[in-house]
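Chains as they are written, first to last, in the numbering used here: chain A, 476 to 756; chain B, 255 to 355. Backbone N, C-alpha and C fix where the C-beta goes; we use that ideal spot for every residue, glycine too.
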Amino acid sequence: MPPITVSLALVIFAAGVVAGGLGVALGLGGGIFLVPFLTLGLGFSFKSAAAISLTTVIATSSAVASARAGKHLMNLRLGMLLEVATAAGSLLGGITAQIVAESVLQRSFGVVAITVAAVMFARLNRRNVIICSIDNPSPEVGRLGGRFFEAESDCYVAYRVKRLPLALGASFVAGNLSSLLGIGGGIIKVPVLNAWCGVPMRAAAATSALMIGVTATGGAIIYFGHGDLQPVAAAPAVLGVQLGSWVGMSVAQRAPVKWLKVLMAVLLIVVAGLMFARSGS
Amino acid sequence: MTESTERDLGRLEVVIGRLLRAGVLASSLCLACGLILTVAGISRTMAQMALSAGLLVLLATPVARVIVSVAEYLRERDWMFVSLTLGVLLALAGSAVAAFW
Numbered sequence: 476m477p478p479i480t481v482s483l484a485l486v487i488f489a490a491g492v493v494a495g496g497l498g499v500a501l502g503l504g505g506g507i508f509l510v511p512f513l514t515l516g517l518g519f520s521f522k523s524a525a526a527i528s529l530t531t532v533i534a535t536s537s538a539v540a541s542a543r544a545g546k547h548l549m550n551l552r553l554g555m556l557l558e559v560a561t562a563a564g565s566l567l568g569g570i571t572a573q574i575v576a577e578s579v580l581q582r583s584f585g586v587v588a589i590t591v592a593a594v595m596f597a598r599l600n601r602r603n604v605i606i607c608s609i610d611n612p613s614p615e616v617g618r619l620g621g622r623f624f625e626a627e628s629d630c631y632v633a634y635r636v637k638r639l640p641l642a643l644g645a646s647f648v649a650g651n652l653s654s655l656l657g658i659g660g661g662i663i664k665v666p667v668l669n670a671w672c673g674v675p676m677r678a679a680a681a682t683s684a685l686m687i688g689v690t691a692t693g694g695a696i697i698y699f700g701h702g703d704l705q706p707v708a709a710a711p712a713v714l715g716v717q718l719g720s721w722v723g724m725s726v727a728q729r730a731p732v733k734w735l736k737v738l739m740a741v742l743l744i745v746v747a748g749l750m751f752a753r754s755g756s
Numbered sequence: 255m256t257e258s259t260e261r262d263l264g265r266l267e268v269v270i271g272r273l274l275r276a277g278v279l280a281s282s283l284c285l286a287c288g289l290i291l292t293v294a295g296i297s298r299t300m301a302q303m304a305l306s307a308g309l310l311v312l313l314a315t316p317v318a319r320v321i322v323s324v325a326e327y328l329r330e331r332d333w334m335f336v337s338l339t340l341g342v343l344l345a346l347a348g349s350a351v352a353a354f355w
């Protein structure tokens, strides 16, 4: 663990800004970058890096979700349902770590990430939304579907949730990886919800942003209780997130959905590359 | 989705939004004070207390969000979501037990 100097605190603050900015646009906590950055770049142990990362994920979640509230982008019912799977996955994360070798986990994560990225690229122009017209002001969306105002189409749009078991499975895996890798799990949930489960990109991101707070809390409590969470290192990250989400807000709202999908797919490929590199070393 | 549940969900969304904002602001304030005290080297104990309080508030915020959701689904008598939300709360309690036992 490196001693926390003012300059190191500033670097951690900057990392928080990036995490917060991505969180607003894509529903990620940024942990997937923060953990390698803190361990490989700054020399933190994996445990303290994961602990700091999880607090950042919680801060991103609270900051982004509070800014998103009232726009009906967050799907509270779907989020709560998926959180059950995430929580179960998170609790079982420790068991998975004991059964499966870390390099196997990293390689399978890489394969999944590349597959999802390919699907995202293939579906760049496919939309999940049903445009609400005067003839059909509130289309039937089922118990879990949603409806929100989309500035891009300048009208209300609705969506139905499809393939719920797949969404639950992806959430379980996301929760599992959360406690293993110190991430929120948005990098798995958001693409799966968007590509296969009928949830529009912005709604998937907002719902994930809300969910990752609870996912990360489960892991962070454990690190906190075991004394692995260093307050002086976590504080600048949390403050950075506030700035990042505030800056990202105006950019994300104006960015076309297609850009968000491209950004997500590119991030997935980068992360897959990182995972393959680590599994080899 | 019926119109009344849509309205209820809108209400819950606003309540959750306020709760999360309050939590994240309170926690940031404590953490900022703690950092300033640490850098200025004024009072070690005060700095540690402010930082710990900030982290505790941060961790408690998502838990509070889940508790508020339980209350709202209870009010709506939506038993399925009451049990789902309680399940999530139970998992969080499990983590807390694992952490401090």
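- As a beta-bridge residue in DSSP terms, E625/A pairs with C630/A.
- Assignment of I606/A by DSSP, reduced to helix, strand and coil, places it in the strand class.
- Judged by beta-carbon spacing, P666/A lies within the 7 Å limit of M595/A, meaning their Cβ atoms are closer than that value.
- A contact between stretches requires three or more CB pairs, one per stretch, nearer than 8 Å, and the segment 327-343 of chain B fails this requirement with the segment 727-736 of chain A.
- For the segment 704-723 of chain A, residues whose beta-carbon sits nearer than 9 Å to a beta-carbon of chain B comprise L704, P706, V707, A709, A710, P711, V713, L714, V716, Q717.
- Against E558/A, the close residues of chain B are V342, in the order they occur along the chain (beta-carbon pairs closer than 7 Å).
- Classified as buried, I663/A has 16 or more neighbouring CB atoms from the shown chains inside 10 Å of its CB.
- In terms of Cα proximity to G505/A, the closest of V746/A, G755/A, S565/A is V746/A.
- Sequence-distant partners of A680/A (beyond 5 residues in either direction) whose C-beta falls short of 6 Å from its own C-beta, in its chain, are L501, G502, V665.
- In the DSSP annotation of this structure, the continuous segment of the alpha helix (DSSP H) that includes M750/A starts and ends at 732-755.
- In the structure shown, W721/A adopts helical secondary structure according to DSSP, grouped into three states.
- Bounds of the alpha helix (DSSP H) holding K522/A are 521-543.
- Look at the segment 669-692 of chain A: the residues with a C-beta under 7 Å from a C-beta of chain B are G688, V689, T692.
- Within chain A, S541 have C-beta atoms less than 7 Å from the C-beta of R275/B, given in sequence order.
- At a cut-off of 7 Å between C-beta atoms, A347/B does not count as an interface residue with respect to chain A.
- Segment contact: the segment 542-550 of chain A against the segment 687-704 of chain A, fewer than three CB-CB distances shorter than 8 Å; contact not assigned.
- Put simply, the segment 582-590 of chain A does not touch the segment 701-713 of chain A. Fewer than three CB pairs are less than 8 Å apart.
- Rounded to whole angstroms, L566/A and G277/B show a C-alpha spacing of 25 Å.
- Taking a 10 Å sphere around the C-beta of T299/B, we find fewer than 16 other C-beta atoms and assign the residue as exposed.
- Annotation for T590/A: the continuous alpha helix (DSSP H) segment containing it runs 577-597.
- Those residues of the segment 284-302 of chain B placed with their C-beta closer than 7 Å to a C-beta in chain A are L285, A286, G288, L289, T292, V293, ordered along the chain.
- For V268/B, the neighbours in chain A by C-beta distance under 8 Å run, in chain order, A544, G545.
- For the pair K736/A and Q302/B, the Cα-to-Cα distance works out to about 42 Å.
- Under the Cβ criterion (8 Å, minimum of three pairs), the segment 614-630 of chain A does not count as touching the segment 649-663 of chain A.
- Under the Cβ distance rule, L566/A counts among the residues neighbouring chain B, one pair being separated by less than 7 Å.
- Interface with chain A (7 Å Cβ-Cβ cutoff): S282/B is included.
- Residues of the segment 519-538 of chain A with a C-beta atom less than 8 Å from some C-beta of chain B are T530, I533, A534, S536, S537, A538, listed in chain order.
- If you ignore the 5 residues before and after L529/A, its C-beta comes within less than 6 Å of the C-beta of G657, A691, G694, A695, all in its own chain and listed in chain order.
- In chain order, I696 make up the part of chain A whose C-beta sits under 7 Å from the C-beta of A350/B.
- In the DSSP assignment, P640/A falls within the alpha helix (DSSP H) that extends over 639-656.
- Residues E558 of the same chain have their beta carbon placed closer than 7 Å to that of V689/A, with the five preceding and five following residues left out of the count.
- In terms of Cβ geometry, L338/B and L556/A form a close pair [threshold 7 Å].
- Comparing alpha-carbon positions, the option among M739/A, W721/A, A645/A, L718/A lying closest to T561/A turns out to be A645/A.
- When the five nearest sequence neighbours on each side are left out, the beta carbons in the same chain lying within less than 8 Å of the beta carbon of L743/A are those of A588, I589, V591, A592, M595, I662, P666, in order along the chain.
- At a cut-off of 7 Å between beta-carbon atoms, V311/B makes no contact with chain A.
- Going by beta carbons, A727/A and V499/A fall inside the 7 Å limit.
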